[in-house]
Amino acid sequence: MNTMRTAMLIAFMTAMFMSVGYLIGGGGGMMIALVIAAGMNLFSYWNSDKMVLRMYNAHEANERTAPEYYRIVRELAQRAGLPMPKIYVIDNPQPNAFATGRNPENAAVAATTGLLERLTPQEIAGVMAHELAHVQNRDTLTMTITATLAGAISMLGNFAFFLGGNRDNNNPFGFIGVLIAMIVAPFAAMLVQMAISRTREYSADRRGAEICGNPLWLASALRKIASGAHNIPNEEAEHNPATAHMFIINPLSGRGADNLFSTHPDTENRIAALQALAAEMGQAGSDFGSVPGGAPAARSPFRTSGPSPLQPWGSPDDNHDVRPPRGPWS
Numbered sequence: 001m002n003t004m005r006t007a008m009l010i011a012f013m014t015a016m017f018m019s020v021g022y023l024i025g026g027g028g029g030m031m032i033a034l035v036i037a038a039g040m041n042l043f044s045y046w047n048s049d050k051m052v053l054r055m056y057n058a059h060e061a062n063e064r065t066a067p068e069y070y071r072i073v074r075e076l077a078q079r080a081g082l083p084m085p086k087i088y089v090i091d092n093p094q095p096n097a098f099a100t101g102r103n104p105e106n107a108a109v110a111a112t113t114g115l116l117e118r119l120t121p122q123e124i125a126g127v128m129a130h131e132l133a134h135v136q137n138r139d140t141l142t143m144t145i146t147a148t149l150a151g152a153i154s155m156l157g158n159f160a161f162f163l164g165g166n167r168d169n170n171n172p173f174g175f176i177g178v179l180i181a182m183i184v185a186p187f188a189a190m191l192v193q194m195a196i197s198r199t200r201e202y203s204a205d206r207r208g209a210e211i212c213g214n215p216l217w218l219a220s221a222l223r224k225i226a227s228g229a230h231n232i233p234n235e236e237a238e239h240n241p242a243t244a245h246m247f248i249i250n251p252l253s254g255r256g257a258d259n260l261f262s263t264h265p266d267t268e269n270r271i272a273a274l275q276a277l278a279a280e281m282g283q284a285g286s287d288f289g290s291v292p293g294g295a296p297a298a299r300s301p302f303r304t305s306g307p308s309p310l311q312p313w314g315s316p317d318d319n320h321d322v323r324p325p326r327g328p329w330s
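Under the UniProt record's numbering, residues 1 to 330 are what the sequence shown spells out, in order.
Now the structure itself:
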């Protein structure tokens with residue numbers, strides 16, 4: 001089903017790209033746009049994840065450079081039955097994160113230094129579980145290809161005024177066609193991005209809560225991330241707005257409203273849904289954003305040495321090095 005939805009989305013975005021080409025240059029423009037779109041689809045399938053990571057100057061981390069961050073993702077991936085994704089760090093003070101990759105075998109998760117430094121290990125686990133849910137649901141391919149094509153449509157719309165002014169371009173609609181290409185097509189691409197992000201975020205929130213075992217960890221993280229996104233600008237995101245829907249919270253603004261123009265669902269609506277899920281799971285009495293059982297919410301996992309303050313990954317079945325239960329993962 002996800003494969004079919006992805007194919008339909010690519011077909012729709014390609015048709016939109018061709019329509020912009022037709023509005024600008026008639027039949028010839030449409031054929032040129034078809035060739036470009038086909039090339040972009042092929043290129044995006046294999047390279048869109050690398051493009052997005054490069055846009056944000058993400059650098060790969062490992063067990064040596066970020067041991068707790070690595071361990072959190074590794075244990076969550078095991079719980080979800082996923083291969084270990086590559087992990088990246090983005091040097092940006094705004095707390096945020098996203099996942100990318102064409103399939104679970106070639107997936108990557110990226111977190112900003114702002115997220116790793118400002119959130120507790122429990123909250124980081126909630127965020128990473130959300131991103132792994134996107135990987136498991138195969139949302140990442142759809143989201144990265146959409147970002148690539150939407151950015152291209154917007155760019156083509158920006159060039160429409162200059163390209164449409166040429167009388168030899170066989171534009172059948174004249175200035176009206178140019179105007180549509182400049183305004184309507186990029187706007188339509190933006191609406192597609194919004195619809196994709198909003199429907200998939202709720203699903204990833206729920207699945208992520210199931211993976212990490214405590215919906216309140218993610219709920220607490222969302223509140224902190226939304227506040228940080230509102231107060232701390234993300235310059236790379238401002239320069240690449242077509243990628244905004246990939247993040248767990250809109251990096252362009254911390255404001256959210258569940259309406260036609262929001263790239264993400266309203267944060268408070270997402271938190272309310274997670275709190276309701278916590279009640280279903282019998283965790284409504286837990287402190288908001290804390291570890292059930294009283295484990296401390298301590299330092300960031302973005303450090304190089306020292307014992308973890310959380311350690312909820314104990315294996316009671318082991319006959320050695322048994323850790324005391326510290327939450328729903330023990």
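All C-beta atoms, glycine included, are put in the ideal place defined by N, C-alpha and C.
Treat the numbers as computed from the prediction; the structure is a model and nothing was measured.
Euclidean distance between Cα positions of residue i and residue j
{"i": "GLU236", "j": "PRO83", "result": "29 angstroms"}
{"i": "ASN214", "j": "SER19", "result": "46 angstroms"}
{"i": "ARG223", "j": "TRP217", "result": "10 angstroms"}
{"i": "VAL135", "j": "GLU75", "result": "15 angstroms"}
{"i": "ALA273", "j": "SER220", "result": "12 angstroms"}
{"i": "ALA107", "j": "MET31", "result": "33 angstroms"}
{"i": "GLU60", "j": "VAL127", "result": "18 angstroms"}
{"i": "GLU280", "j": "ASP49", "result": "36 angstroms"}
{"i": "TYR202", "j": "PRO265", "result": "8 angstroms"}
{"i": "ALA80", "j": "GLY39", "result": "34 angstroms"}
{"i": "THR65", "j": "GLN122", "result": "20 angstroms"}
{"i": "VAL73", "j": "MET246", "result": "18 angstroms"}
{"i": "ILE271", "j": "ASN234", "result": "23 angstroms"}
{"i": "PRO85", "j": "VAL35", "result": "33 angstroms"}
Collapsed DSSP secondary structure at residue i in the structure displayed
{"i": "residue 345", "result": "This structure leaves residue 345 out entirely; the chain is present only between 1 and 330."}
{"i": "HIS264", "result": "coil"}
{"i": "ALA66", "result": "coil"}
{"i": "PHE302", "result": "For PHE302, the predicted model reports a pLDDT of 41, less than 50, meaning its position is unreliable and no value from the coordinates is stated."}
{"i": "ILE90", "result": "strand"}
{"i": "ALA110", "result": "strand"}
{"i": "PRO83", "result": "coil"}
{"i": "LEU252", "result": "coil"}
{"i": "GLY39", "result": "helix"}
{"i": "MET281", "result": "coil"}
{"i": "ASN214", "result": "coil"}
{"i": "ASN269", "result": "helix"}
{"i": "THR14", "result": "helix"}
8 angstroms Cβ shell around residue i - same chain, five flanking residues per side excluded
{"i": "ALA110", "result": "LEU53, TYR56, ALA58, ILE87, TYR88, VAL89, ILE90, ALA97, PHE98, ALA99, THR100"}
{"i": "TRP46", "result": "ARG102"}
{"i": "TYR70", "result": "ALA61, ASN62, GLU63, ILE87"}
{"i": "GLY114", "result": "ASN92, PRO93, GLN94, PRO95, ASN96, GLY228, ILE232"}
{"i": "ALA15", "result": "none"}
{"i": "ALA204", "result": "HIS130, GLU131, ALA133, HIS134, ASN137, ASP139"}
Bridge-paired residues (DSSP) for residue i
{"i": "ALA204", "result": "According to DSSP, which records beta bridges pairwise, ALA204 is partnered with nothing at all."}
{"i": "HIS59", "result": "VAL89"}
{"i": "THR100", "result": "ALA108"}
{"i": "PHE247", "result": "PHE98"}
7 angstroms Cβ shell around residue i - same chain, five flanking residues per side excluded
{"i": "ARG206", "result": "LEU277"}
{"i": "LEU252", "result": "ALA237, GLU238, PRO241, ALA244"}
{"i": "ARG118", "result": "PRO95, LYS224, GLY228"}
{"i": "ALA125", "result": "ILE72, LEU76, CYS212, TRP217"}
Cutoff 6 angstroms; reference residue i; Cβ partners in own chain excluding five residues on either side
{"i": "ASP139", "result": "ARG200"}
{"i": "GLU105", "result": "PRO83"}
{"i": "ALA129", "result": "LEU76, GLY208, ILE211, CYS212"}
Limits of the unbroken alpha helix (DSSP H) element including residue i
{"i": "ILE232", "result": "That residue, ILE232, is in no alpha helix (DSSP H); it is neither H nor E in DSSP."}
{"i": "MET128", "result": "121 to 136"}
Cβ-heavy atom distance, residue i to the ligand ADP, below 7 angstroms
{"i": "ALA209", "result": "No copy of the ligand ADP occurs in the structure displayed, which carries no ligand at all."}
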